[in-house]
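S.K.: Chains A and B are the protein sequences, given in the same order.
Under the numbering used here, think of the first position of the first sequence as 134, with each following residue one higher.
Under the numbering used here, think of the first position of the second sequence as 134, with each following residue one higher.
Just so you know, even glycine gets a beta-carbon here, dropped at the ideal spot from N, CA and C.
On a predicted model such as this, the values are computed, not experimentally measured, just so you know.
After the structure tokens below, expect a handful of questions from me.
2 protein chains.
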Amino acid sequence: MKALLFDVFGTVVDWRTSVAREVGSLCGSDVDSYAFADRWRSLYQPAMEQVRSGARPFTRLDRLHHESLSTVLSEFDIQLGDADMASLNLAWHRLDPWPDSVLGLTRLRTEFIIAPLSNGNISLLLDMAKNAGLPWDAILGAEPVRAYKPMPDAYLRTADILGLEPSECMMVAAHNSDLAAAADCGFATAFVARPLEHGPAQTTDLAAESDWTYSVDSIESLATQLGC
Amino acid sequence: MKALLFDVFGTVVDWRTSVAREVGSLCGSDVDSYAFADRWRSLYQPAMEQVRSGARPFTRLDRLHHESLSTVLSEFDIQLGDADMASLNLAWHRLDPWPDSVLGLTRLRTEFIIAPLSNGNISLLLDMAKNAGLPWDAILGAEPVRAYKPMPDAYLRTADILGLEPSECMMVAAHNSDLAAAADCGFATAFVARPLEHGPAQTTDLAAESDWTYSVDSIESLATQLGC
């Protein structure tokens, strides 16, 4: 194993709390900011599916997020000016890490190449890393390979960029579906349980649903299991 | 100014001494290892020119280096097995930084996004960063944008990836030609004098040849000039 590739939204950072905070701050306390964050996030997969299906060319996540934001603002009957909309869209660049993420990544980095393999675009992931102190060796993911997970190209082209065989790469994610797609490409897999990603009523991805290579409850635990 | 983009070979790392050392170690003391390194490097621009001209599709520098290495080994009448050739080709992944590079970059990173904008491929630059301790925020350059400097796309697409205007980016390089191409794209420019890049008999790029935004003799000096 030479490289650990990380899902980011939900696995490394707590998108729901962070986005809800910025929604509340900009839109006021009358808005159900968690419902807003959940609805915005719910448009994430359908937006990428347009790209995966070939219906539209590769489009950065920042732009997909902005289009989805227009929809959600309209549904919530909220008016925002262009500058406020642009600022709120950048909430995804400022997501807070889970408490174990920075220390876990810092330990893993001593022995492995560590990089995001996220559907976020490069500037989103780079701004997030600088804000949160995530010590990535490189910013990889959908944009350099122009393919959104779980398309096989997202995993296979990332291994190719690194000059590695898929079996030398491990996907680390809080989502069983991401790990299944990576495993189909020949990656090793590590499940990190994030039972609060979707809030206290979360019903999905509470546990590993397959015999992944590792199954842990934090990135620090993964570092311990890998001897870092 | 938000991002500083760095040329790497010659500007951040001392390719000539590092490559010559590995040539000497692998090929023995009968070989003029500096002449070998110089000849290998002399095939760098012609190899990329095939891509820039459209005569061949975008091809990673690792592969261009490997093809050039075959030529140079033949010219020097040296026989190497495949494994030794592959190992020697990776000398470019293990180049040593100039003495001021790590500290200078570390200071600059506190105030700016810092990334390579090099013709090296991602895994080459990533391995080099891990070996040398170069604290990049992201690994950018020719591979993510599929264009070799000094093509305008190499600079303009890099700014676009960062979500920045060209005027918010500064190219940092020891080569006047690189800075001229970046300036034509609207980048700010910083010349770093590296009078020993080509050894003690160097005759080119000994000084700034235009009115660049900054002109310094080390990356630490640049950090000081930029108030870091």
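For the beta strand (DSSP E) holding residue 322 (chain A), just list the boundary residues, first then last.
M.R.: Taken as a continuous stretch (DSSP letters only), the beta strand (DSSP E) holding residue 322 (chain A) covers 321-325.
S.K.: Throw me the rounded Cβ distance for the residue 262 (chain B) and residue 269 (chain B) pair, which I believe falls under 8 Å.
M.R.: Yes, they are in contact, since the Cβ atoms of residue 262 (chain B) and residue 269 (chain B) sit about 5 Å apart, within 8 Å.
S.K.: Check whether chain B comes within 7 Å of residue 265 (chain A), counting only Cβ atoms and requiring the distance to be less than that.
M.R.: Taking Cβ atoms only, chain B never reaches closer than 7 Å to residue 265 (chain A), which makes this a no.
S.K.: With DSSP run on the structure shown, which of helix, strand or coil describes residue 305 (chain A)?
M.R.: It is a strand residue.
S.K.: Mark residue 299 (chain A) as exposed unless 16 or more other C-beta atoms lie within 10 angstroms of its C-beta, in which case mark it buried.
M.R.: Buried is the call here.
S.K.: Sorted by chain position, which residues of the same chain lie with C-beta nearer than 6 Å to residue 404 (chain A)'s C-beta, five sequence neighbours on each side aside?
M.R.: The structure shown has nothing for residue 404 (chain A), since chain A only spans 134 to 361.
S.K.: Drop a sphere of 10 angstroms on the beta-carbon of residue 216 (chain B), count the other beta-carbons inside from all chains shown, and report buried for 16 or more, exposed for fewer.
M.R.: Residue 216 (chain B) comes out exposed.
S.K.: Kindly identify the DSSP beta-bridge partner or partners of residue 249 (chain B).
M.R.: Per DSSP, B:139.
S.K.: In this structure, how does DSSP classify residue 274 (chain B) when only helix, strand and coil are distinguished?
M.R.: Strand.
S.K.: Indicate the three-state DSSP secondary structure (helix, strand or coil) for residue 299 (chain B) in the structure shown.
M.R.: Note: residue 299 (chain B) maps to helix in three-state DSSP.
S.K.: For residue 136 (chain A), would you say it is in contact with chain B, using Cβ-to-Cβ distances shorter than 7 Å as the test?
M.R.: Closer than 7 Å: no.
S.K.: For a contact defined as C-beta to C-beta under 7 Å, what are the partners of residue 274 (chain B) on chain A?
M.R.: Chain A residues near residue 274 (chain B): none, gap ~11 Å exceeds 7 Å.
S.K.: Hey, residue 249 (chain B) and residue 258 (chain B): beta-carbon distance below 7 Å or not?
M.R.: Cβ distance < 7 Å, so residue 249 (chain B) and residue 258 (chain B) count as in contact.
S.K.: When the distance is taken between beta carbons, is residue 291 (chain A) closer than 7 Å to residue 304 (chain A)?
M.R.: It is not a contact, given that the beta carbons lie outside the stated cut-off.
S.K.: In terms of alpha-carbon separation, which member of A:137, A:330, A:145 lies closest to residue 265 (chain A)?
M.R.: Nearest option by C-alpha distance: A:145.
S.K.: Going by C-alpha distance, which of A:138, A:324, A:166 is nearest residue 148 (chain A)?
M.R.: The option with the nearest alpha carbon to residue 148 (chain A) is A:166.
S.K.: Counting only Cβ pairs nearer than 7 Å, list the residues of chain B close to residue 259 (chain A).
M.R.: Those within 7 Å of residue 259 (chain A) in chain B are 246, 270, 271.
S.K.: Using the beta-carbon count (16 or more within 10 Å), is residue 330 (chain B) buried or exposed?
M.R.: By the neighbour-count rule (16 or more Cβ atoms within 10 Å), residue 330 (chain B) is buried.
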